[in-house]
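Numbering (this note's numbering), first residue to last: 55 to 608.
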């Protein structure tokens, strides 16, 4: 006799629970207690966190840390050799965020051997919460702006019980479960920063890890993201401010700002979301902005925003409204429905969709409640007094700069490849024309509800290339395409640091699919796939030396 209704659990939810349980069991009692302490700290309950950590002796903490290091870096011989596959290149992926995971999945499905390295200790890139402030990551109160259903792999949907706008830890758990779903965890080497990647005269890549270990690969794929090097306003290093000033890169908990006056500089997605989050603890929150922006809430007239806007972000809708007509359409509809001038938002000096609109939950409400105030651009700062562009002043205790990032590739020599002002000189944002065994994933900002499916499409094309199923056009054609795309970006979008690598997501996905078919036809017509080394095992210099010593001893 059934007392309660049957419990319905999907296969995806079971896989997710099993994967999480396996990771917890591998950590042991000490690891579980440490995780519980960390979770309580994210809730602002430092007292409980300290109590839990107090139950673990100093020696146990030291041992646990040593074991974790040994797991990541390896003992004696470093990371295990990567077995080569005849006719296929061995590949080094730099970065284990969404781009790196997407690339790993595409290579796995093609049977192409790879190693994926990331200096972070968790999979997921910015979705992996970083308590130590060593890397850019989500903050504790973050819900993603991408509506559920738009941020998932084509063959692995998010769990159905996820909310419309999932929390950061749900996204991170989903990415972890995808890695386990494809049985790729052994190919991810976390806590291993790539400090140098250099292409040698024979075409091979020499990859040096932060541990000093050196490995050699047939190809490299860069997926390190573009949220690594913060951009600050010009005045940031010239002021005499009496208080903490950080970049949004290092924002984690709002409780640190309890009962303080806080100024957020910038009103992009992160700036607006942080302002809302921190305003629940601050005495007063200010947002300093250079220009007005277009705001999109999570829900409009009771409908989720993506469903309300319908197909307007599709490639065919944009094609129907060429040039400025597309931006004029959105601008007109925005002003027809309500333009947020009533909350003090300055009139934008640009058309909508020529710059990313700001998607944010509850910003208008918090402004209406008086907890957030919009103020002009900063003119000067002295002590705790901020003088604004209109010569008015405010008193602030802390500053959070949410002013974007520079795209950087610190593992490359600057004369080999450098991104300046976020302008991406790559064919289809993927390939460097003169380097056949190098590819990139995620070098863009986009008009798109989420970027995961864009990166999945990129990864599929790149994997087809390295599998010998797709051929690139000649170098001159690629250079001409790069120049044409640069002119299109300058023609359609505002000239700002963020917009320099802007694109229309659905149009770009369609173009990648068309380009993949063109490349497949080139193969059938007799074109050769990329010219790069293939088939060798990947071992480190340390392993090679040990092998020579063993051989000599025998």
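The C-beta atom is built at its ideal place from N, Cα and C for all residues, glycine as well.
Bear in mind the structure is a predicted one, so any value in this text is a computation, not a measurement.
Taken in chain order, the complete beta strand (DSSP E) segments of 3 residues or longer contained in the stretch 165-189 are 168-172. Counting only residues of its own chain and dropping the five nearest sequence neighbours on each side, residue 182 has a CB closer than 7 Å to the CB of 174, 176, 191 and 226.
In the structure shown, residue 458 adopts coil according to DSSP, grouped into three states.
Straight-line measurement puts the Cα of residue 202 at about 18 Å from the Cα of residue 355. When DSSP states are grouped into helix, strand and coil, residue 380 belongs to the helix group.
Residue 443 is classed as exposed because its beta carbon has fewer than 16 other beta carbons within 10 Å across all chains shown.
Between residue 495 and residue 265, the beta carbon gap of about 24 Å keeps them out of contact (Cβ cut-off 8 Å). Nearest Cα to residue 298 within the set 438, 243, 143 and 358: 438. Within a 10 Å sphere around the beta-carbon of residue 280 sit 16 or more other beta-carbons, which makes this residue buried.
Separation of residue 453 and residue 391 (C-alpha to C-alpha, rounded to the nearest whole angstrom) is 33 Å. At a Cβ-Cβ threshold of 7 Å, residue 179 and residue 151 count as neighbours. In this chain, residue 534 is not harboured by any beta strand (DSSP E); it is covered by the alpha helix (DSSP H) spanning 529-546. Look at residue 467 here: in three-state DSSP terms it is coil, with no helix or strand label.
Residue nearest to residue 472 within the set 263, 209, 376 and 276 is 276 (criterion: CA-CA distance).
Taking 7 Å as the cut-off, the Cβ atoms of residue 166 and residue 142 count as close.
Excluding sequence positions up to five before and after residue 133, its CB lies within less than 6 Å of the CB of 243, all in the same chain and listed in chain order.
Taking all protein chains in view, the Cβ of residue 560 is crowded by 16 or more other Cβ atoms within 10 Å, so the residue is classified as buried. By the neighbour-count definition (other C-beta atoms within 10 Å, threshold 16), residue 187 is an exposed residue. Burial state of residue 140 is exposed, judged by a 10 Å Cβ sphere holding fewer than 16 other Cβ atoms. Secondary structure note for residue 333: its alpha helix (DSSP H) is the uninterrupted segment 323-333.
For residue 516, the closest alpha carbon among the candidates 501, 590, 545 and 483 is that of 483.
For residue 384, the closest alpha carbon among the candidates 406, 364, 375 and 393 is that of 406. Under the three-state reduction of DSSP, residue 358 is assigned to strand.
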